[in-house]
Structures are given as structure tokens and as C-alpha cells.
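In this text, residue positions in the sequence shown follow UniProt numbering: the first is 1, and each later residue adds one.
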Amino acid sequence: MALMPVRPVRVTVFVRLKLRMLGHGLRGRRRRVVTFAVSLAVGLWLAIAGFLLFLTSGAVGRDIGYVMASFGGATLVLGWLLLPLLFFGVDETLDPARFALLPLPRRTLATGMLAGAVVGIPGVATALAMLGVAVAGGLRAGPAGVGVAILGGALNLLLCIVLSRAVTSGFAALLRSRRVRDLAGVVIALLAASMGPLQLVISSTLGHASLAPVLRIAGVLAWTPLSAGFVAPYDLADGRPLLALVRLAIVAGTVALLTWWWAVTLESAMIGVSGGLGGSRPVRGGVVRTLLPAVLRPAAQPGQFSGIMARELRYWSRDPRRRSSLISIIVGGAVVPVALRLAPGHSAGVPLPLAVAFTSVAGAAILANQFGFDGSAYAAHLLAAVPGRTELRARAAALSVIMVPVLLVIVVAVAVFGEESGQLIATLGTAAAMYGASMAVASVLSVLVAYPVPDSRNAFASAGGSASAKGLLAFIGMVAAVVSASPVLMAALALPGALSWLVLPAGLAWGIAGVLVTTRLVGDELDRRGPDLLGEITLPS
């Protein structure tokens, strides 16, 4: 019996599969439909903003346009690289592990997954923004500039997607070892920390009348893949077509190299990560007391609260998904107050209580999807009949053990080094109110609008559609927390120095009361809809 010839798999199959899976994920689920609609609106807004930015770079003076194109392009590429790692994760609707048993050539799989990534909201938004590069190229160098800009825009789009996928696939292969995962967290934290000082340098430089320093930086970026494809039309307009081709070749070579690396790392991602079980060791004093920090062990009492708290503390330090989120929040919380206090053009910068508001709010907003990290493991809590109040308060206490010392260090350091020690007490009260309000709002969101998180050793993976949901929930929680704690913030800004100490007890009472009242009310709701919550956070098999 003759074997039927095997038809090659086309790229369009992956595109249709991606769209079909997204459609099935939205069918009959109003929350996901609303989240997708909001994400689509945000993506359209960003696409229009990027289009107008690049379009404006072609209409203004040569030097200013060159700087706008260079820095705008570099920001776009770095956003594709860092934002998935630090905040949102990479859309893994087409998970490579699902194709492990299929006889697909490596090139076919890589090309298909690349095409599937292009049809997502970030890919379409970036493609629309690239149209501004084409129009700007026409304004600078005529029809030839349009051709160069279109080619550069296509290469830039491929660079963004392949760079993001290659880096995350590489991490997925490397994150087998816990030491490597720890090192990856440190490296990413350093990358995030470097963005703050870089922003300060750029802002202070732009505050001067001369563009010469900025032009030098833009010229350096133009020789890197970050900006080379965006400034090629300027070289053509200056009568240097060979230099424009060289810049396009830099981007094309980088795309080719990253594509090859991505195709290689896809094999490791398809195989998956296997973890062995370590040998058991005798535990003294009980498992719960051993998992708790030494400072908390004397006060720990046997029970569900201590058990959940110890479990959460261990997961915040061991789970790569939680750890990557925690590191990004801590680093961002340390950089943002400094950037706001040193904002150029303001003699005193942003008021200290307002500057630390982001740190306080973001520190607790990480709990907005706290049950999503558990997935199907949350079923054990339902079987143990853990009260909802105990569940929420234990999780809040575990995060506070980590974040409260961090907040204290950041607030004190910013106040002391900024020579604002007189506002320290009021700032601490504001931070307490903001942190408590954010934790209260996050508790509500975690129970009512939870979504699944991939159970993966890749800390930067994201289920299809959950990346936008994560960003949306964090934004909603932070805005609601700032609004709910605004009376304490207004008091810190309005009270004279002699009465500013009143903000500290008021802020502590405000934050603690908000957490206790909210966890009591939302805890009862958690008891009622626990099985429904388990279904929402469990990934389909």
C-alpha cells in the first residue's frame, strides 16, 4: 500500500490556528471580551501615537527629526525586549511544547510562530506605527525615501518580534537551573534599573538649549540595531545611499542572527523542563516554622494562617513568575521616586509624599492576580476549607513581610538624600495609606477578575490574552488605590510642618482598616465563589 504524500505545512495554518484559539477563548466569556476590547483600544491608541511621532519626525527640522527617529525607534525596540520580561509576558497562545510530537521542521515551526506573533495586538499596533516611518521617509527623501523606509519598517517589525521571542525562548531553555534563574532575575533587575538613570540623563540633556549632546547619542544609537532602520531615510536624504544600505544591513543581519538563535532554542522549549525531586530532609520545629523567616518563628502559631503565610513566602522567593514580578516592582519603585524628585525644570521636583505614591501602590498591586499563580493547586485550599478571610489576610501578610521593609528603605533613602527629612513622617503615613489601599483593591480584583497564568519555568510566559489583562488589572488597581487614599495624600500636602506628624497615625489606621474591612467582605465572597474562581484560574489541558 503506497503512502500518501505529506503536504508541507504552510505559515497560514499557524495564523488561522492563532486566530481560532483567540476566538474560542473569547466565546461566552464576557470578561475576556471586555479585556480584549480594552486591549484593542489601548493598542490602537499606542499605534496612533507611534504613527504621529514618526510622522512628526519627518516634518520638523533635520536635527530634531533625526533625534526623534533615533530615540523613538530605540524606545520601541527596547519596549518589545523589556516589557514582556518585566511586566506582561509573551503571548504563548501557540505554545511550542504543544508541537513537540508533530513532525514539523524547525524552520517551519519558527516561521509559523513568527507569523502568529505578527497578527497579535502588539504586532499589528507596531506595524501601524511603522507606517509613520514610511511617510516620514517620503517627506525627507521623496519616493526613494519611501522605499527605504518601508524596507526599514518591515525589518524593524521583524526585529521587535524576533528579539522578544528569541530572548524569552532563550530564558526558557536556561531557566532549568535555579542558579541561572536567580542570575537572570538580577540581570533583568539591572537592566530595569539602568532605564531610570538613562531617562534622567536624557531629560536633563534635553533641558539644555544645545542639541549637540543629544545628536551625539542619537548618532551612536544609529549604528546599533535599535535605531539603524529608523534613521536610514535621513542618510538617503543627505546624499549617502550606501550608508543607508549599511544601516539596513545591520538590522537585517541582526534579524537573521536572532531568528537562527530562536529556531535553535525552540527545540529546548518544545522538550520542556523537567525538574527532579530533591531528597527529603528532616525538619525540626515543624514545616511551617521552618519555612517562615527566623524573625517570625517565635510568634508563629500552628494553623491555617501561618501555613498559608509560610507557603506564600516560599513561593515569592522560589517561583520564577512571582520573583520576576517582584524584582521589577522593587526596582521600579526605587527608580521612579528618584526620577520624580529630580525632574528637570522644577526647582524642588515633585513633592515627596506624591513621589513615593507609585512605589507604595505598585508594591501591593502585584496581588491583583494572586490566585492566578496557584492555578489548579488552589483546589487544595478549597478541600481544606480555608476561610476566605484567612486566605486573603495570610497572603497580604506574606507580601508585607517583603514589601514593608523595602518601602521603608526607599522612603527614608529618598527623604535623606533629597534633604527632605522634615517630610519623612508625613511621607511614611502617605506610603502606609497608599499601600493598604492598594492591597485592599488588589484583594477585590484577585477574587472577582482572576485569570490563569501559565505553569511554566519560563518566568516570562503569558497565556493568550492574559498579558493585556495583567497590565489592565494593575492599572485599574493603582488608580483606584490612589483615589481611595487621596484624603491622606491631600493632608500630607496641605498640613503645616508642625502638624505633619498626624499623617503617620492617620495613614497607618487608613491602610490597616482598609485591608481588614476589605478582606472581611471579599473573604465572604471568596467562600461563595471558590469553585468558580478555581475554574477561572485553571488552564485548559
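For glycine and all other residues, C-beta sits at the position ideal for the given N, C-alpha and C. Since this is a predicted model, take the numbers as computed values, not measurements.
On the three-state DSSP scale, how would you describe residue i?
{"i": "Arg32", "result": "helix"}
{"i": "Glu420", "result": "coil"}
{"i": "Arg62", "result": "helix"}
{"i": "Val119", "result": "coil"}
{"i": "Ser400", "result": "helix"}
{"i": "Val356", "result": "coil"}
{"i": "Phe305", "result": "helix"}
{"i": "Arg10", "result": "coil"}
{"i": "Tyr451", "result": "coil"}
{"i": "Ala222", "result": "coil"}
{"i": "Asp235", "result": "helix"}
{"i": "Ser164", "result": "helix"}
{"i": "Leu211", "result": "coil"}
{"i": "Arg314", "result": "helix"}
{"i": "residue 582", "result": "An answer regarding residue 582 cannot be provided, because it is not within the stretch 1 to 541 covered by the chain."}
{"i": "Gly275", "result": "With a pLDDT of only 41 at Gly275, under the threshold of 50, the placement of this residue in the model should not be trusted; the figure read from the coordinates follows. If DSSP states are grouped into helix, strand and coil, Gly275 belongs with coil."}
{"i": "Val255", "result": "helix"}
{"i": "Ser446", "result": "helix"}
{"i": "Arg16", "result": "helix"}
{"i": "Thr538", "result": "coil"}
{"i": "Pro143", "result": "helix"}
{"i": "Arg281", "result": "Unreliable placement is indicated for Arg281, whose pLDDT of 47 sits below 50; the coordinate value is still reported in the next sentence. Looking at Arg281 - three-state DSSP - the assignment turns out to be coil, as it is neither helix nor strand."}
{"i": "Val67", "result": "helix"}
{"i": "Pro405", "result": "helix"}
{"i": "Gly345", "result": "Note that Gly345 scores 47 on pLDDT, short of 50, meaning its location in the model is unreliable and no value can be drawn from it."}
Less than 6 angstroms between C-beta atoms, sequence neighbours within five positions excluded: which residues of the same chain meet that for residue i?
{"i": "Ala492", "result": "Pro353, Ala426, Thr430 and Val503"}
{"i": "Met478", "result": "Val361 and Ala365"}
{"i": "Pro233", "result": "Gly137, Arg140, Ala141, Gly145, Val148 and Ala149"}
{"i": "Gly514", "result": "Gly436, Ala437 and Ala440"}
{"i": "Leu392", "result": "Ser443, Thr519 and Gly523"}
{"i": "Ser376", "result": "Thr538"}
{"i": "Asp527", "result": "Gly388"}
{"i": "Gly229", "result": "Gly152, Leu155, Asn156 and Val251"}
Which residues in the same chain have their Cβ closer than 7 angstroms to the Cβ of residue i, if we skip the five residues on either side of it in sequence?
{"i": "Gly422", "result": "Gly497"}
{"i": "Gly530", "result": "Leu382"}
{"i": "His346", "result": "With a pLDDT of 46 at His346, under the threshold of 50, the modelled position of that residue is not reliable, and the figure given next carries that caveat. Here the set comprises nothing."}
{"i": "Gly511", "result": "Ala432, Ala433, Tyr435, Gly436 and Ala437"}
{"i": "Arg235", "result": "First, the residue type needs correcting, since residue 235 is Asp and not Arg in the sequence shown. Result list for Asp235: Leu243, Ala244 and Arg247, in chain order."}
{"i": "Gly275", "result": "At Gly275 the pLDDT is 41, less than 50, meaning the model places this residue with poor confidence; the figure from the coordinates comes in the next sentence. Cβ neighbours of Gly275 beyond the five flanking positions: none."}
{"i": "Ala415", "result": "Leu352, Ser421, Gln423, Leu424 and Thr427"}
{"i": "Val231", "result": "Tyr66, Ala69, Ser70, Ala222 and Arg247"}
{"i": "Ala334", "result": "Ile410"}
{"i": "Val119", "result": "Val15, Lys18 and Leu19"}
{"i": "Asp319", "result": "Phe373"}
Please go through the same chain and pick out, in chain order, the residues whose beta-carbon is closer than 8 angstroms to the beta-carbon of residue i, but skip the five residues on each side of it.
{"i": "Trp501", "result": "Ile425 and Ala426"}
{"i": "Tyr315", "result": "Arg322 and Phe373"}
{"i": "Leu3", "result": "The predicted position of Leu3 is uncertain, since its pLDDT is 49 and thus under 50; a value taken from the coordinates is nonetheless stated next. Cβ neighbours of Leu3 beyond the five flanking positions: none."}
{"i": "Val13", "result": "Gly112"}
{"i": "Glu525", "result": "Gly388, Val447 and Leu448"}
{"i": "Leu495", "result": "Ala426, Leu502 and Val503"}
{"i": "Ala59", "result": "Gly65, Ala136 and Leu139"}
{"i": "Val162", "result": "Leu114, Val255, Leu258, Thr259 and Trp262"}
Would you say the beta carbon of residue i is closer than 7 angstroms to some non-hydrogen atom of the ligand NAP?
{"i": "Leu53", "result": "In terms of ligand content, the structure shown is empty, and the ligand NAP therefore cannot be addressed."}
Spell out whether any CB of chain D is found under 8 angstroms from the CB atom of residue i.
{"i": "Glu536", "result": "The structure shown contains no chain D, having only a single protein chain."}
Assess, as a yes-or-no matter, whether the stretch 56 to 74 is touched by the stretch 480 to 487 under the definition of 3 or more beta carbon pairs within less than 8 angstroms. no
Runs of 4 residues minimum, wholly inside the stretch 468 to 533: which ones carry the alpha helix (DSSP H) assignment? 486 to 494 and 503 to 528
Would you check if there are 3 or more beta carbon pairs closer than 8 angstroms linking the stretch 437 to 453 to the stretch 506 to 522? yes
Cβ pair count under 8 angstroms reaching 3, the stretch 214 to 225 against the stretch 137 to 146: no
Three or more C-beta pairs under 8 angstroms: does that hold for the stretch 38 to 52 against the stretch 116 to 134? yes
Determine contact between the stretch 320 to 330 and the stretch 388 to 397, defined as no fewer than three beta-carbon pairs at a distance below 8 angstroms. no
Please give me, in chain order, every unbroken run of the alpha helix (DSSP H) with length at least 4 that falls completely inside the stretch 316 to 343. 320 to 341
Counting pairs of beta carbons, one from the stretch 105 to 118 and one from the stretch 22 to 34, are three or more of them closer than 8 angstroms? no
To test your reading of the DSSP string, which unbroken alpha helix (DSSP H) runs of 4 or more residues are found completely within the stretch 370 to 395? 379 to 383
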